[in-house]
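Engineer: Here the sequence shown is numbered in my numbering, starting from 2 and rising by one per residue.
Don't be surprised by glycine CBs; every beta carbon is placed ideally from N, CA and C.
Bear in mind the structure is a predicted one, so any value in this text is a computation, not a measurement.
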Amino acid sequence: MFARLFPRRKPARPPLPQPNAQLALGALLVRVALADRSYNVSEVGQIDRILARTFSLKPLEAAKLRATCEALERDAPGTPEYARIVREEVDYADRRALGAAMWSVALADGARQDDEEIQLLAIETALGLTDEDIAANREAALKGL
């Protein structure tokens with residue numbers, strides 16, 4: 002009875018860390034996966050593999066990083082803010098590889114979605130990739146379908 006009259010407050014969430022290049026990259030990967038409003042196991046697994054490979058993490062560490070990135074993405078500033086962080090801290094060749102990795106996340110579910118492609122184009126443009134590199138990433142990714 003008292004519980005209904007005096008409901009417990011939800012505990013405050015711990016503050017999120019300030020985004021750095023690692024967290025910004027993970028949040029952008031999550032944002033691509035969420036672009037079609039469907040976030041499935043194959044996309045989560047692909048994000049974990051990318052984070053593990055990129056940052057030399059063990060699978061559990063990559064999953065924890067992804068979980069933090071998911072929380073950041075939920076409360077995130079817009080794509081340009083994350084892209085700026087990545088642009089400032091990551092060289093061009095690695096940003097281009099990031100574009101290719103994002104395509105692998107978008108296509109992890111085996112389907113092309115217009116929403117994901119639009120989000121990818123916006124992110125790759127914000128990362129400062131050239132039109133030629135954006136087209137090359139897209140073409141290479143679509144060959145694998």
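(1) CB residue 124 to CB residue 80, shorter than 9 Å?
(2) Can you give me the C-alpha to C-alpha distance between residue 130 and residue 97, rounded to a whole angstrom?
(3) Just curious, the alpha helix (DSSP H) that residue 65 is in, first and last residue?
(4) Compute the Euclidean distance between the alpha carbons of residue 41 and residue 66, then round it to the nearest angstrom.
(5) Assuming residue 84 contacts residue 127 under a Cβ cut-off of 8 Å, what Cβ separation, rounded to an integer in Å, is found between them?
(6) My output table needs one value for residue 39: the three-state DSSP class, helix, strand or coil.
(7) My output table needs one value for residue 21: the three-state DSSP class, helix, strand or coil.
Structural biologist: So, from the data block:
(1) yes
(2) 7 Å
(3) 60-75
(4) Taking the straight line joining both Cα atoms gives about 17 Å.
(5) 3 Å
(6) coil
(7) coil
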